[in-house]
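Numbering (the numbering used here), first residue to last: 401 to 518.
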Amino acid sequence: MEKIDSYARHFLILIALILGLSLVSEFRDLANYAPSMINLVCLSIAAACTFASGITLQFKKLNLVTIILAGILISVSVFFWIEFSSLALIIVIFIIYGIITLLVCLTNLIYFKKREVD
């Protein structure tokens, strides 16, 4: 389980960096598409949560922080998906990343709690 957890974390860290960088690089195009202040704030929050979740994934003791960040990322992504359906591909990728991150962290919490009990 430790080896699978390590591989999953490294994979998610790599994906978080790629997604965060792609969001930052596409920020200008997305800002032109959705120029309101709330949309720019949501994009900034999504980029920050993606980078921060990639950083907190490195530390197993920060599972709860990572879960909160992934939840925020999913919420912002769902907001964008509802608001602008033409951005669905980018948003679906972020939602999938958030769900996988949540699953890895929840599995870790359950597995390590079970190990502490035994």
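Ideal Cβ positions, reconstructed from N, Cα and C, are used throughout, including at glycine.
Helix, strand or coil for residue i per DSSP?
i      : result
LEU457 : coil
SER436 : coil
PHE494 : helix
PHE484 : coil
Among the options, which has the Cα closest to the Cα of residue i?
i      : options                        : result
CYS442 : LEU412, GLY420, PHE479, SER422 : PHE479
ALA436 : LEU414, GLU483, ALA416, PHE459 : The sequence shown places Ser at residue 436, rather than the Ala named in the question. Minimum Cα distance to SER436 is reached at GLU483.
ILE491 : ALA447, LEU503, LEU412         : ALA447
PHE380 : VAL504, ASN508, ILE510, LEU509 : It is not possible to answer for residue 380, since the shown part of the chain is limited to 401 through 518.
Determine the contact status of residue i and residue j, defining contact as a CB-CB distance below 8 Å.
i      : j      : result
THR450 : LEU473 : yes
LEU419 : PHE494 : yes
Between the region 456 to 468 and the region 479 to 499, can you find at least three pairs of beta-carbon atoms closer than 8 Å? no
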